[in-house]
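Everything on this sheet refers to the single structure shown next.
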Amino acid sequence: MTSSSPPIFDAIVRIDKLPASGRSLDVDADEGERAAIAEAMGIVAVQMFRAHLSIVPFRGGLRAEGGLKARVTQKSVVSFEPVDQEIAEDIDRVFLPAPRQDKVPAPNAEVFVDLDDEDFPDHIHGPEVDLSALLLETLALALDPYPRREGETLESSGLAPKEKPSGPFADLARLKGTNDDEK
């Protein structure tokens, strides 16, 4: 999803209108939004997409905490049959204003980086934060990159090569005694 494309669902929060006590954001994608999410992710279908975020002001920006629950269908990488996946991900992200040009560190200046911190804050430009991008990013990172049905392998599908491998690397493997076929 590019930054110039419109968001699939409305999850825009204005920092300047955020109450000091914070606010909640609930997303329950309808059928059209779920179809758009599936298309954006390159998967077969999204049956459920729900998120709940608590948004509080944080150092001139905001902090979004909550969770995402989704049920998706992808194609198996072995048989191309549909495979369902349940997703439940926690979200904790900080958005801070980008440094102003007059506050840019001088060349050769020391910059403190906390390597123990799991996530560096995202920089925002302007008074709005589009949390739909955060939710879609969370879903994309939670998707199984190699979905397949339980017990499904190349061997069980009859797609595994039946002949012994040949070539210089197969000969080397036989010499080293690491070939699984000979054990």
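Residue numbers (the UniProt record's numbering): 1 to 183.
Every residue gets a Cβ at the ideal spot worked out from N, C-alpha and C, and that includes glycine.
Asked                                                                                                              : Found
Cβ-based neighbour list, Ile87, same chain, cut-off 6 Å, excluding 5 preceding and 5 following                     : Ala70, Ala142
Neighbour-count burial assignment, Leu25, 16 or more Cβ in a 10 Å radius                                           : buried
Sheet register partners of Arg93 (DSSP bridge)                                                                     : Ala64
Residue nearest to Leu96 in terms of C-alpha spacing, selected from Gln74, Ala64, Ser76, Glu89                     : Ala64
Backbone CA spacing between Asp130 and Leu18 [nearest angstrom]                                                    : 14 Å
Opening and closing residue of the beta strand (DSSP E) in which Ala51 lies                                        : 45 to 58
CB contact below 8 Å: Thr153 versus chain C                                                                        : Among the protein chains of the structure shown there is no chain C, as only one such chain exists.
Nonlocal neighbours in the same chain, by C-beta distance under 6 Å from Ile12, ignoring five residues either side : Glu128, Asp130
DSSP-derived helix/strand/coil call for Asp171                                                                     : helix
Cβ-based neighbour list, Gly22, same chain, cut-off 8 Å, excluding 5 preceding and 5 following                     : Ser54, Ile55, Val56, Pro57
Through-space distance from Arg174 to Ala140, alpha-carbon basis                                                   : 41 Å
Straight-line Cα distance separating Gly32 from Ser76                                                              : 24 Å
Close Cβ partners of Gly66 (< 6 Å) along its chain, the five nearest in sequence each way excluded                 : His52, Leu53, Ser54, Ile91
Extent of the continuous beta strand (DSSP E) run through Ser24                                                    : 23 to 28
Nearest residue (CA-CA) to His20, options Arg59, Ser79, His123                                                     : One detail in the question is off: residue 20 reads as Ala in this sequence, not His. Selected option, being the one with the closest Cα: Arg59.
Rounded C-alpha distance that separates Phe169 from Leu136                                                         : 42 Å
Minimum C-alpha distance to Gly126 - residue among Gly167, Tyr146, Pro99, Asn108                                   : Pro99
Boundaries (first-last residue) of the alpha helix (DSSP H) holding Glu39                                          : 31 to 41
For Ala70, the residue or residues it bridges with in DSSP                                                         : Phe49, Ile87
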